[in-house]
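Engineer: Protein chains in written order, with this note's numbering: chain A, 60 to 296; chain B, 60 to 296.
Protein chains: 2
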Amino acid sequence: MAKTMGRLFGVGTGPGDPELVTRKAWRVVSEADVVAYPAPDHGHSFSRQIMADAISEDAIELPIVIPMISGRAPAQAIYDDAADQILAHLKKGQDVAVLCEGDPLFYGSFMYLLARLRDDVAVEMIPGVSSLVASASAALRPLAARSDILTVLAAPLSDDKLEAAIHGAEAVAIIKLGRHLDRMQGLIRRLGLMDQAIYISHASLPHQKVMPLADAPDDAPYFSMILIYKGSDPWIN
Amino acid sequence: MAKTMGRLFGVGTGPGDPELVTRKAWRVVSEADVVAYPAPDHGHSFSRQIMADAISEDAIELPIVIPMISGRAPAQAIYDDAADQILAHLKKGQDVAVLCEGDPLFYGSFMYLLARLRDDVAVEMIPGVSSLVASASAALRPLAARSDILTVLAAPLSDDKLEAAIHGAEAVAIIKLGRHLDRMQGLIRRLGLMDQAIYISHASLPHQKVMPLADAPDDAPYFSMILIYKGSDPWIN
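In structure tokens, the structure reads:
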């Protein structure tokens with residue numbers, strides 16, 4: 060008798076605080092036969108850490124190890140392999156939950172698995188609290204209001220591209236800061252927006268940092284963010 | 060003896076499915092002495108509906124009734140009054156949770172209360188799953204990847220503003236559709252992006268709708284969204 064295929068879940072784990080996981084994500088992960096997650100080649104998987112208390116002792120764990128420094132080609136081979144392994148579990152009738160920091164489809168790596176598996180299996184997505192909204196909460200100020208244009212930019216983009224996009228928006232988030240912090244500070248200073256720019260790292264975690272961009276520490280992590288809101292508190296009235 | 064001030068929470072309830080509420084939001088609302096929420100002058104409060112099973116029987120409920128058709132001035136008077144009522148409860152030492160659909164700071168009305176209260180009381184934000192990421196999950200496709208520029212636009216903006224912003228981005232979300240659906244369809248057709256545009260309404264709810272924008276129903280609700288991703292599946296490789 061052919062086994063019923065297992066179910067595949069793309070699970071957003073939220074920004075870091077295990078209490079900012081949705082009730083659905085918590086339930087699905089606690090019930091999953093297999094729990095997969097991205098992991099660095101050294102150290103802990105952040106998404107696994109967030110969900111540690113939900114994962115069943117009987118669950119099979121499937122770390123997807125992405126070397127920190129890797130070109131596109133080896134990364135693609137790793138996702139090919141991970142997709143094969145996940146498919147093998149699904150064919151055994153096992154449910155697989157893939158953990159994704161923040162939200163799975165907001166600049167996440169889950170899409171690489173989704174692209175490989177969506178034609179063969181039904182995928183259920185469980186959206187999560189994104190770092191974007193978590194950072195606004197940490198900074199205690201609106202991300203965007205009314206008919207504001209909100210634009211999300213990645214710091215590795217060129218100054219020209221960033222500048223044009225910042226000009227066209229009322230509210231801006233610059234993600235993937237890391238080693239680009241210095242250049243971003245220079246750019247935002249040139250645009251005269253330094254007073255409206257906030258730096259946030261590790262939103263929702265005990266070591267969360269929120270401060271004016273001018274005061275940001277030199278060693279900004281990759282998962283830190285700048286939020287810019289133009290105008291002086293236009294949301295009061 | 061002076062009472063300790065109660066605590067004020069801005070609580071994101073997520074897009075609609077009560078299981079997409081975070082564990083923290085569920086706990087805080089279940090423990091709150093007072094639960095406030097926006098409500099229409101006719102019918103049910105959506106955020107209260109989402110949290111119905113969490114609200115304690117002993118909780119005081121404080122609906123903030125915003126008439127459907129209202130100018131800015133009456134709305135401001137309503138928020139003034141709501142802020143006063145909330146402050147009175149806090150001064151009695153009662154904890155107050157204010158419910159907000161989606162995320163409280165992503166185009167939400169919580170900012171009007173925050174602006175009125177933040178100087179007098181400590182506010183704790185609980186970010187939520189936004190309609191933005193919930194819609195991408197419903198559509199089963201990435202919101203944005205790698206260094207894509209992601210722009211969120213409100214449908215009431217002028218065609219000129221929308222067109223310029225759409226040109227400058229790889230990924231676009233158009234929110235607050237409602238009666239603007241027709242105009243948005245025309246604009247997106249003119250821009251040659253109809254094949255990449257998806258319509259989503261009521262993401263995460265049983266009556267969720269996901270379809271090509273060309274097929275969207277005439278009566279799009281205010282809380283529906285268009286997602287556009289340029290290029291043909293650029294996220295596969």
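Positions of the beta carbon are idealized from the N, C-alpha and C atoms, including for glycine.
(1) If you check the beta carbons only, do Gly152 (chain B) and Cys159 (chain B) fall under 7 Å apart?
(2) Select from A:Ala113, A:Thr81, A:Glu183 the residue whose C-alpha is nearest the C-alpha of Asp154 (chain A).
(3) Interface residues of chain A around Tyr281 (chain B) at Cβ under 8 Å?
(4) Which whole-angstrom value describes the C-beta separation of Ala195 (chain A) and Pro201 (chain A), a residue pair presumed to lie in contact below a C-beta threshold of 8 Å?
(5) Kindly say whether Asp162 (chain B), judged by its beta-carbon, lies nearer than 7 Å to any beta-carbon of chain A.
(6) By a C-beta neighbour count over all protein chains shown, 10 Å radius and 16 as the cutoff for buried, is Arg249 (chain A) buried or exposed?
(7) By how many angstroms is the C-alpha of Tyr288 (chain B) removed from the C-alpha of Gly227 (chain B)?
(8) Does any residue of chain B bring its CB to less than 7 Å from the CB of Lys151 (chain A)?
(9) Closer than 8 Å, Cβ to any Cβ of chain A: which residues of the stretch 193-221 of chain B, in chain order?
(10) Would you mind reading off the limits of the beta strand (DSSP E) that contains Gly69 (chain A)?
(11) If we count the other Cβ atoms within 10 Å of its Cβ and call it buried at 16 or more, is Lys62 (chain B) buried or exposed?
(12) Output needed for Ala98 (chain A): all residues of its chain with C-beta closer than 8 Å, excluding positions within five of it in sequence on either side, in chain order.
(13) For Phe169 (chain B), which residues of its own chain have a beta-carbon under 8 Å away from its beta-carbon, when the five flanking residues on both sides are left out?
(14) Looking at the structure shown, is Ile295 (chain B) part of a helix, part of a strand, or coil, going by DSSP?
(15) When DSSP labels each residue in this structure, what does Met64 (chain B) get in the three-state scheme?
(16) Could you tell me which whole beta strand (DSSP E) segments of length 3 or greater appear in the stretch 157-240 of chain B?
(17) Label His261 (chain B) either buried or exposed according to how many other C-beta atoms from any shown protein chain fall within 10 Å of its C-beta, with 16 as the threshold for buried.
(18) Please name the residue, chosen from A:Ile285, A:Tyr171, A:Glu78, A:Val211, that lies closest to Tyr96 (chain A) on a Cα-to-Cα basis.
(19) Round the Cβ separation of Ser263 (chain B) and Asp92 (chain B) to the nearest angstrom and send it over; I've been treating them as touching at under 8 Å.
(20) So which of A:Ala230, A:Ala275, A:Ala198 has the shortest CA-CA distance to Leu240 (chain A)?
(21) What residues of chain A sit near Lys83 (chain B), judged by a beta carbon separation below 8 Å?
(22) Tell me whether Val88 (chain B) sits in a helix, a strand or coil according to DSSP, three-state version.
(23) Counting only Cβ pairs nearer than 7 Å, list the residues of chain A close to Leu182 (chain B).
(24) State yes or no: is the beta carbon of Pro126 (chain A) nearer than 7 Å to at least one beta carbon in chain B?
(25) For Ile119 (chain A), is the classification buried or exposed, using 16 other Cβ atoms within 10 angstroms of its Cβ as the cut-off for buried?
(26) If you draw a straight line from the C-alpha of Val192 (chain B) to the C-alpha of Phe165 (chain A), how long is it?
(27) In chain order, what residues of the same chain lie with their CB nearer than 7 Å to the CB of Pro74 (chain A), ignoring the 5 residues before and after it?
(28) Quick one: list the residues of chain B neighbouring Val94 (chain A), beta-carbon separation under 8 Å, in chain order.
(29) Between the stretch 136-149 of chain B and chain A, which residues of the former have CB atoms less than 8 Å from a CB of the latter, in chain order?
(30) Please go through the same chain and pick out, in chain order, the residues whose beta-carbon is closer than 7 Å to the beta-carbon of Leu173 (chain A), but skip the five residues on each side of it.
(31) For the beta strand (DSSP E) containing Ile287 (chain B), list its first residue and its last residue.
(32) For a contact meaning CB atoms closer than 7 Å, what does Tyr166 (chain B) contact in chain A?
(33) For a contact meaning CB atoms closer than 7 Å, what does Val188 (chain B) contact in chain A?
(34) Any beta-carbon of chain A closer than 7 Å to the one on Met64 (chain B)?
(35) What residues from chain A crowd round Ala223 (chain B), counting only those whose CB sits closer than 8 Å?
Structural biologist: Inspection of the coordinates gives the following:
(1) Counted from its first residue, the second sequence places residue 152 (chain B) at position 93. Counted from its first residue, the second sequence places residue 159 (chain B) at position 100. No, Cβ-Cβ distance for Gly152 (chain B) and Cys159 (chain B) is not below 7 Å.
(2) Along the first sequence, read from residue 1 onward, the residue named residue 154 (chain A) stands at position 95. Closest by alpha carbon: A:Glu183.
(3) Within the second sequence, numbered from 1, the residue matching residue 281 (chain B) stands at position 222. Under the 8 Å cutoff, chain A gives no residues; its nearest Cβ is about 13 Å from Tyr281 (chain B).
(4) Here residue 195 (chain A) is taken as the residue at index 136 of the first sequence, counted from 1. Here residue 201 (chain A) is taken as the residue at index 142 of the first sequence, counted from 1. Going by Cβ atoms, the distance from Ala195 (chain A) to Pro201 (chain A) rounds to 7 Å, so yes, they are a contact pair.
(5) The residue labelled residue 162 (chain B) in the question sits at position 103 within the second sequence. At least one chain A Cβ lies under 7 Å of Asp162 (chain B).
(6) Taking the first sequence and counting its residues from 1, the one referred to as residue 249 (chain A) is at position 190. Exposed is the call here.
(7) Reading the second sequence from its first residue, position 168 is the one you call residue 227 (chain B). Reading the second sequence from its first residue, position 229 is the one you call residue 288 (chain B). Near 12 Å, if we compare the C-alpha coordinates of Tyr288 (chain B) and Gly227 (chain B).
(8) Working through the first sequence from its first residue, we reach residue 151 (chain A) at position 92. With 7 Å as the cut-off, Lys151 (chain A) does not count as an interface residue toward chain B.
(9) Ala193, Ala195, Ser196, Ala197, Leu199, Arg200, Pro201, Leu202, Ala203, Ala204, Arg205, Ser206, Asp207, Ile208, Leu209, Thr210, Val211, Leu212, Ala213, Pro215, Leu216, Lys220
(10) In the first sequence, counting from the first residue as 1, residue 69 (chain A) sits at position 10. Element bounds for Gly69 (chain A): 67-71.
(11) The count along the second sequence starts at 1 and reaches residue 62 (chain B) at position 3. With fewer than 16 Cβ atoms within 10 Å of its Cβ, Lys62 (chain B) is classed as exposed.
(12) One-based indexing of the first sequence puts residue 98 (chain A) at position 39. Excluding sequence neighbours, Ala98 (chain A) sits near Ser104, Arg107, Pro122, Ile123, Val124, Ile125.
(13) Taking the second sequence and counting its residues from 1, one reaches residue 169 (chain B) at position 110. Excluding sequence neighbours, Phe169 (chain B) sits near Gly69, Val157, Cys159, Pro163.
(14) By 1-based counting over the second sequence, the position of residue 295 (chain B) is 236. Only weak support exists for where Ile295 (chain B) lies, its pLDDT of 48 falling under 50; the value from the coordinates is given anyway. For Ile295 (chain B), the three-state secondary structure derived from DSSP is coil.
(15) The residue given as residue 64 (chain B) occupies position 5 in the second sequence. In this structure, Met64 (chain B) counts as coil in the three-state DSSP scheme.
(16) 182-185, 209-213, 230-234, all fully within the stretch 157-240 of chain B.
(17) Against the second sequence, residue 261 (chain B) aligns to sequence position 202. With 16 or more Cβ atoms within 10 Å of its Cβ, His261 (chain B) is classed as buried.
(18) Walking along the first sequence from the start, residue 96 (chain A) turns up at place 37. Ranking the options by Cα distance to Tyr96 (chain A), first place goes to A:Tyr171.
(19) Stepping through the second sequence from its first residue, residue 263 (chain B) is reached at position 204. Stepping through the second sequence from its first residue, residue 92 (chain B) is reached at position 33. The pair is not a contact, with the Cβ atoms about 29 Å apart (cut-off 8 Å).
(20) Indexing the first sequence from 1 puts residue 240 (chain A) at position 181. Looking at the Cα atoms, A:Ala275 is the closest of the given residues.
(21) Start at 1 with the first residue of the second sequence, and residue 83 (chain B) comes out as number 24. Under the 8 Å cutoff, chain A gives Asp76, Glu78, Leu79.
(22) Within the second sequence, the letter at position 29 stands for residue 88 (chain B). Val88 (chain B) falls in the helix class under three-state DSSP.
(23) Stepping through the second sequence from its first residue, residue 182 (chain B) is reached at position 123. The sequence as given places Val at residue 182 (chain B); Leu does not occur at that position. Neighbours of Val182 (chain B) in chain A, taken as residues at a C-beta separation under 7 Å, are given in chain order as Leu199.
(24) The sequence position of residue 126 (chain A) within the first sequence is 67, counting from 1. Closer than 7 Å: no.
(25) To locate residue 119 (chain A), count along the first sequence from 1; it is residue 60. Answer is exposed; the Cβ neighbour count stays below 16.
(26) One-based indexing of the second sequence puts residue 192 (chain B) at position 133. One-based indexing of the first sequence puts residue 165 (chain A) at position 106. Each residue's Cα considered, the two are about 7 Å apart.
(27) What you label residue 74 (chain A) is simply residue 15 of the first sequence in a count that begins at 1. Answer for Pro74 (chain A): Gly161, Val188, Ser190, Ala193, Ala262, Ser263, listed in chain order.
(28) Along the first sequence, one-based indexing puts residue 94 (chain A) at 35. Those do not exist, as Val94 (chain A) stays about 18 Å from chain B at its closest Cβ, beyond 8 Å.
(29) none
(30) For the purposes of this step, residue 173 (chain A) is identified with residue 114 of the first sequence, where counting begins at 1. The answer, listed in chain order, is Gly69, Val182.
(31) Locating residue 287 (chain B) in the second sequence gives position 228, where the first residue counts as 1. Residues 283-288.
(32) Translated into the one-based positions of the second sequence, residue 166 (chain B) becomes position 107. What Tyr166 (chain B) touches in chain A: Ala203, Ala204.
(33) In the second sequence, counting from the first residue as 1, residue 188 (chain B) sits at position 129. By Cβ distance, chain A contributes Thr81, Pro186, Gly187, Val188.
(34) Stepping through the second sequence from its first residue, residue 64 (chain B) is reached at position 5. With 7 Å as the cut-off, Met64 (chain B) does not count as an interface residue toward chain A.
(35) Against the second sequence, residue 223 (chain B) aligns to sequence position 164. The answer, in chain order, is Gly227.
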